[in-house]
Structure formats: C-alpha cells, structure tokens
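To start, the structure itself, in structure tokens.
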Amino acid sequence: MLRGHLLASFIPVLVASVVATLAGCKRDLGECNLYGVSPDGTPISGPAAFDIAYRVPDGLPMYEGQALVQSTCGNGQLCHSPAAVGADRVGVPAGLNFDVALACTGEAQDPTCARPLQSCAGGQTDTSYCQRLQRLQSNDDQIINWAEGMIQEIRAGAMPPGRAGRDAAAPQQWMRKSDGTVLPSIASSDGQEIVRNWLACEAPVIARTEFPPSTDLELQPCESVDDEICIYNGPRADLPDPKWSDLYWSLIFQQCVLCHGPANSNMDQNPNNPFNGGIPGGASQPGLAALNLTGSDTMDTTNWPTDSYPAVVNALTADPGACAGKGTIVIPNEPANSILVQKISATQTCGDSMPIGGAVGEPLIQVMEAWINLGAPND
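Numbering (the working numbering), first residue to last: 377 to 755.
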C-alpha cells in the first residue's frame, strides 16, 4: 500500500487533524499549511504544500517544494541521486537519496505507463513504472525522516553544498501555477519557506503525469490507479525548429550539459544564453570524460552549439560508460540507429536512458528525429 504522502485522497476535512498532528512534532519545521486555507476556509498567507509548479519548456508538474528539492538535491547525478556514485556524491552517504522525480511522464518514455495502467498495489506488478513508483516512495520516506536536518542545512547554506551545488544547478526554470512567476531559488528566504512548509506537511509528491486532452485540464488532477497523485502536464513552450542550434538550447543545454559539461561558476554575459547567464555543468566527471557538449570558451556560451557539433554527429561513443565503442551518437538520416535518439527515447541497448533523472517529451524527440532526417546539418 502506498504511503500517505503519495496519496491523492487528502480531503479538506482532514486538514485540522493533520495540522494538529504535525504541529510541534518537528521543532524546526513549524506548522503545516496544506491547501492555503484553514479548516474554516480562512486564507493562510505563505506557500501551501499542494501549490504546483511546472517546468519550462516541457510543462512537467511538481509541487513547489518537490521541485526545489528535486532540482537542487536529487536530480540527475546530483549528490542525493541514486545515479551519483563516488566523488559525485560530494560526501553524501551511499543510499541517502532524495530524488523525487515522477515515476511516469508518459508512455513515450515507458510503455508500462500506457493506459490502462496496471495496479502496483501489493507489489503484484513487476513493471519499470512500479519499480520507479516504489523508488519514489522510498526516497520520499528518506526526505521525511531527514526533514529537520534538511531544513537546517538549507538555512545554513550548507545544502546544496557551496560551489558544488552552484556548478551542478540545472538551468531550467520552474513557473508557479498560482501566479505565473518564476519559482524562487532554494537559497532565498521565499524558497526556503516553500521547502519548510512542504517538509512540515510530510513532503507530498506528484507521482505521475499525463498529457491533458485539452488545455483547460493543464495542471489539473488526472485519474489515479493506486491513489498515487497524478497531475496533467502543464503548458509547454513552443517546439524548436529542426535545427541543431535550436535543439541545443531547447534540449542539450538544459538537460544534458549538467552532466556533460565542466564545472563553471562564472556568469555568461552574452545574449545568446537564454537562461539569465546560468551555466550548468560539473555534475558528473565520467559524463564529461565520455562526452563534452560545451565549447572551447567555458565563460562564453555563444559558440557552444557549433563547438559541440563534432562531438555529436558521426562521433563514436567513448569511454567511460556502458556504450563505449557500441555505436554512433548521431548518424545523419538514421535517427533510429543514433545513440542520442535511443537514449532520450529510452530505447537504448546499452547503458541508461538520458537524461538521468529526467525525461524528454515525445514532441521534442520528434524534432530531433526530423533534424537527423534532414542530414543533421550544423545549422
């Protein structure tokens, strides 16, 4: 049976008892604001645990606290991710994982997510979706158990850990459903209050998303199967043109450079970086050694699309990694045989799908395939 913080069956009449139970139990967490209103309907100022954010450009939904913890603690190969090993954990003990990525982002990534979805209750279905759902529950349990220590470390500026945290910061922006503004950084007082309240409410997580059948259902609840929380996908940015430069900024820079780029805390000042000057990288030394998706000037991203092109097109996979020498990253006019397409569509025959801890939407995969079918030009 799934734990309460994964359930979709929270109901307003329980808020009073939940808050009464949580208040005072964890001294450093304070009171829990689940919905933004008191049991009698009076508005409560500040963040609520069930406030939703969505990621630009793909509309992936998460609760605001979930998004902040995921993007700065457990995403991809960061310190508290199951994929982080050795030096990539920056001193975090093995197994102390805070990765709360969604267990299902659509059947394009995993056919076991397709409707009708089979129940995972009682461990009766051994599918990749059920395994991810169990992993999400286990990692969320760890967050709840370590909640007081987490908020103390975040407030002290010790988590994420200094330069290591800054270097590995993902550039994607998260937008708040409530007012359309950018979700504040976990380093800010507003961001820390969001996380504090989320932890005080026992860290509820969105476990699954589906593409909405109509735009009016974006970020609204979708049908659950095992009482897991399902929220329809949010607004998506316009798809890029099938050009390498457009795909670079829409996909490679946002979701790949984090692991396939060098650590760099410098701020980029050129206007061709659409992410307010943030430069990701440094999350994985083996990832960078196997494939560098940046450019010769680590302080200026202007030429990174052009500079990285030879590392991708007609380039053999390299050490280290499970795919070393087993294929070509991009083969012009052959998307199905290109390792890059196989990895982002989770159809690879070696290693893990990419990006680790994330997902690429089917529409963006189709744009990548269209570019390759055009001969994969350096445009």
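Positions of the beta carbon are idealized from the N, C-alpha and C atoms, including for glycine.
As an exercise, report each continuous alpha helix (DSSP H) stretch of at least 4 residues that is fully enclosed by the region 549 to 593, in chain order.
565 to 576
Report yes or no: do three or more beta-carbon pairs, one from the region 546 to 560 and one from the region 430 to 442, lie closer than 8 Å?
yes
Should the region 580 to 592 be regarded as contacting the region 603 to 622, the criterion being three or more beta carbon pairs within less than 8 Å?
yes
From residue 741 to residue 717, what does the alpha carbon distance come to, in whole angstroms?
Walking along the sequence shown from the start, residue 741 turns up at place 365. Walking along the sequence shown from the start, residue 717 turns up at place 341. Each residue's Cα considered, the two are about 7 Å apart.
When you compare the CB positions of residue 691 and residue 706, do they come within less than 9 Å of one another, or not?
One-based indexing of the sequence shown puts residue 691 at position 315. One-based indexing of the sequence shown puts residue 706 at position 330. In this structure, residue 706 lies closer than 9 Å to residue 691 by Cβ.
My parser needs the alpha helix (DSSP H) runs of 4 or more residues fully inside the region 424 to 458; what are they?
440 to 445
Would you report the Cα separation of residue 456 and residue 492, rounded to the nearest angstrom?
The residue you call residue 456 lines up with position 80 of the sequence shown. The residue you call residue 492 lines up with position 116 of the sequence shown. Distance between the alpha carbons of residue 456 and residue 492 is about 33 Å.
In the DSSP assignment, the alpha helix (DSSP H) including residue 739 goes from what residue to what residue?
Looking up residue 739 in the sequence shown gives position 363. Residue 739 -> alpha helix (DSSP H) spans 738 to 749.
Same chain, Cβ closer than 6 Å to residue 483, five either side skipped, listed in chain order:
Here residue 483 refers to the residue found at position 107 when the sequence shown is read from its first residue. So the list reads 489 and 490, once near-sequence residues are dropped.
Please state the DSSP three-state secondary structure of residue 524.
For the purposes of this step, residue 524 is taken as residue 148 along the sequence shown, with counting starting at 1. Residue 524: helix per DSSP, three-state reduction.
Quick check for students: name the residue ranges of the alpha helix (DSSP H) that lie wholly in the region 677 to 742, counting only runs of 4 or more.
680 to 684 and 715 to 720
Buried versus exposed call for residue 400 [16 or more other C-beta atoms within 10 Å across all chains shown]:
Indexing the sequence shown from 1 puts residue 400 at position 24. In this predicted model, residue 400 has a pLDDT of only 39, less than 50, meaning its place in the structure is not dependable; the value taken from the coordinates is given anyway. Exposed, because fewer than 16 other Cβ atoms sit within 10 Å of the Cβ of residue 400.
Which same chain residues, not among the five before or five after residue 521, have their C-beta less than 6 Å away from its C-beta?
The residue given as residue 521 occupies position 145 in the sequence shown. Closer than 6 Å at Cβ, skipping near neighbours: no residue.
Is residue 496 helix, strand or coil by DSSP?
Locating residue 496 in the sequence shown gives position 120, counting from the first residue. Three-state result, residue 496: coil.
Which first and last residues belong to the alpha helix (DSSP H) in which residue 665 is found?
For the purposes of this step, residue 665 is taken as residue 289 along the sequence shown, with counting starting at 1. Its alpha helix (DSSP H) spans residues 661 to 666.
Residue 657 versus residue 597 - alpha carbon distance
As a working note, residue 657 is residue 281 in the sequence shown. As a working note, residue 597 is residue 221 in the sequence shown. Between residue 657 and residue 597, the C-alpha separation is close to 34 Å.
Taking one C-beta from the region 573 to 582 and one from the region 693 to 703 each time, how about it: are there three or more such pairs within less than 8 Å?
no
Tell me which residue opens and which closes the alpha helix (DSSP H) that residue 620 is part of.
Numbered from its first residue, the sequence shown carries residue 620 at position 244. It spans 620 to 623 - the alpha helix (DSSP H) in which residue 620 sits, taken as one unbroken run.
Since residue 571 and residue 527 are thought to touch, with beta carbons under 8 Å apart, how far apart are those beta carbons, to the nearest angstrom?
Residue mapping note: residue 571 aligns to position 195 of the sequence shown, counting from 1. Residue mapping note: residue 527 aligns to position 151 of the sequence shown, counting from 1. Correct: roughly 7 Å between the Cβ atoms.
Select from 432, 486, 517 and 433 the residue whose C-alpha is nearest the C-alpha of residue 474.
Walking along the sequence shown from the start, residue 474 turns up at place 98. The candidate whose alpha carbon is nearest that of residue 474 is 517.
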